[in-house]
Every structure is written in structure tokens, then in C-alpha cells.
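*Asks:* In my numbering, the protein residues as written are 1 to 139. We treat Cβ as the ideally placed atom computed from N, Cα and C, and that holds for glycine. Please read all numbers here as calculations on a predicted model, not as lab measurements. Structure in C-alpha cells, see below.
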Amino acid sequence: MAYWLFKSEPDSWSWEQQKAAGKDGTEWTGVRNYQARNNMRAMKIGERGFFYHSNEGKEIVGIVEVAKLAHVDSTADNPTWECVDLRAVADMPKSVTLAEAKANEKLAKMALTSNSRLSVQPVTDDEWAEVCRMGGFKG
DNA sequence: GCCAACGTTGGC
DNA sequence: GCCAACGTTGGC
């Protein structure tokens with residue numbers, strides 16, 4: 001099982017909206033970057049990821065799960081752009097900020113801190129465990 | 001609001 | 001296929 005991280009500006013798509021999308025989840029649209037798209041293509045049903053608020057908040061606020069494999073992004077004018085469907089799983093009991101992640105040397109290599117531009121990122125098992133520990137998420 | 005970092009585009 | 005120019009992202 002691989003782990004992931006999804007970034008979104010709360011102004012365009014917030015964690016509240018993600019939760020409101022319910023159990024069936026909704027498309028993670030708008031990705032126009034090959035690396036991010038390739039990450040989504042590699043995802044499997046049930047794999048989990050962090051939901052990160054960029055710009056405003058700059059913190060990991062929740063856990064999501066892949067509800068549907070990569071398919072053409074319905075908002076794209078070019079079928080090269082694909083996306084998965086995501087559903088909200090749980091709130092992060094205590095949100096983990098970018099500053100906290102940067103201050104933790106176990107997370108020094110995390111894409112979030114080293115390649116902040118990438119909007120859909122892989123997360124290693126160790127990083128997943130560490131962020132969950134910091135956020136008080138058990139599961 | 002500024003600007004650095006990065007990805008993409010397009011001329012050659 | 002190189003690389004300069006440009007646009008976008010996102011932290012500060």
C-alpha cells in the first residue's frame with residue numbers, strides 16, 4: 001500500500017468541501033502536471049493520502065482515500081489529463097503544519113518540504129507514520 | 001504583494 | 001535538442 005499527499009488551496013477546494021462530497025467522494029480535478037498525473041495513475045483503490053491546505057493554513061488537515069482509479073479529468077480539454085476520485089476518511093485530530101514538518105528531521109526528505117510545487121506527492125511509509133503520530137491519527 | 005523555484009513553451 | 005522566456009505555484 002502506497003501513501004500520498006494531495007494539496008489544495010482552500011479557496012478553490014477545501015477540506016470542508018471534500019468531506020461534504022461524502023462516501024462516494026469526488027474527482028480530484030485540475031491537475032495539469034505530468035508528475036502529479038503519473039502519481040495518480042499509480043494509485044490503487046483504498047490507498048490513503050494526506051489532505052494539505054496550501055497558502056492558507058499550510059497544514060495537513062485530513063485523511064483521504066482513493067475511491068476510483070485514474071480516469072480522464074472531466075474538466076480537462078485534453079484527455080491526457082487524468083484524475084482519481086477521493087473520499088474523506090477522517091479529520092486529522094491535530095492538524096500538522098508545514099512549519100512542524102520542516103522542523104522534524106524525519107520529514108526532511110518529504111516532498112512537501114523539498115518540492116513544494118508538486119501538487120500530488122508520494123509519501124513513504126515512515127513519513128506517513130510520523131505525520132500520523134504528530135497529528136494524533138490512529139488508523 | 002513579492003519573489004524564488006519550477007515546469008512548459010517555442011524559436012532556433 | 002537546447003535554452004531563454006514566460007507563466008504559475010506557493011511560502012513568506
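Using DSSP's beta-bridge definition, name the partner residues of residue 68.
*Replies:* As a working mapping, residue 68 is identified with position 68 in the first sequence. Looking at the DSSP output, residue 68 bridges to 85.
*Asks:* For a minimum of 4 consecutive residues, which ranges assigned as the alpha helix (DSSP H) are wholly contained in the stretch 1-59?
*Replies:* 15-20, 34-41
*Asks:* What's the gap between the Cα of residue 123 and the Cα of residue 2?
*Replies:* In the first sequence, residue 123 corresponds to position 123, counting from 1. In the first sequence, residue 2 corresponds to position 2, counting from 1. For residue 123 and residue 2, the distance between alpha carbons rounds to 7 angstroms.
*Asks:* With a threshold of 8 angstroms, are at least 3 pairs of Cβ atoms found where one atom belongs to the stretch 8-19 and the other to the stretch 36-47?
*Replies:* Taking a cut-off of 8 angstroms on C-beta distances, the stretch 8-19 does not touch the stretch 36-47, as fewer than three cross pairs fall below it.
*Asks:* If you compare alpha carbons, which of 117, 78, 109 is closest to residue 58?
*Replies:* To locate residue 58, count along the first sequence from 1; it is residue 58. The shortest Cα separation from residue 58 among 117, 78, 109 belongs to 117.
*Asks:* Look up residue 94 in the DSSP assignment and say whether it is helix, strand or coil.
*Replies:* Along the first sequence, one-based indexing puts residue 94 at 94. Looking at residue 94 - three-state DSSP - the assignment turns out to be strand.
*Asks:* Just reading off the beta strand (DSSP E) that residue 122 is part of, what are its end residues?
*Replies:* Translated into positions along the first sequence, residue 122 becomes position 122. Residue range 120-123 is occupied by the beta strand (DSSP E) that includes residue 122.
*Asks:* Just verifying my parser: in three-state terms, what is the DSSP assignment at residue 136?
*Replies:* For the purposes of this step, residue 136 is taken as residue 136 along the first sequence, with counting starting at 1. Coil.
*Asks:* Just the Cα atoms here: how many angstroms apart are residue 27 and residue 84?
*Replies:* Position 27 of the first sequence holds residue 27. Position 84 of the first sequence holds residue 84. Roughly 6 angstroms between the two C-alpha positions.
*Asks:* Would you please state the rounded distance, in angstroms, between the beta carbons of residue 71 and residue 15? I believe it to be under 8 angstroms.
*Replies:* Indexing the first sequence from 1 puts residue 71 at position 71. Indexing the first sequence from 1 puts residue 15 at position 15. The pair is not a contact, with the Cβ atoms about 23 angstroms apart (cut-off 8 angstroms).
*Asks:* Should residue 120 and residue 6 be called a contact, given that it needs their Cβ atoms to be closer than 7 angstroms?
*Replies:* For the purposes of this step, residue 120 is taken as residue 120 along the first sequence, with counting starting at 1. For the purposes of this step, residue 6 is taken as residue 6 along the first sequence, with counting starting at 1. Yes, the pair counts as a contact, with Cβ atoms nearer than the cut-off.
*Asks:* Along the alpha helix (DSSP H) that carries residue 112, what are the first and last residues, could you check?
*Replies:* In the first sequence, counting from the first residue as 1, residue 112 sits at position 112. Residue 112 -> alpha helix (DSSP H) spans 111-114.
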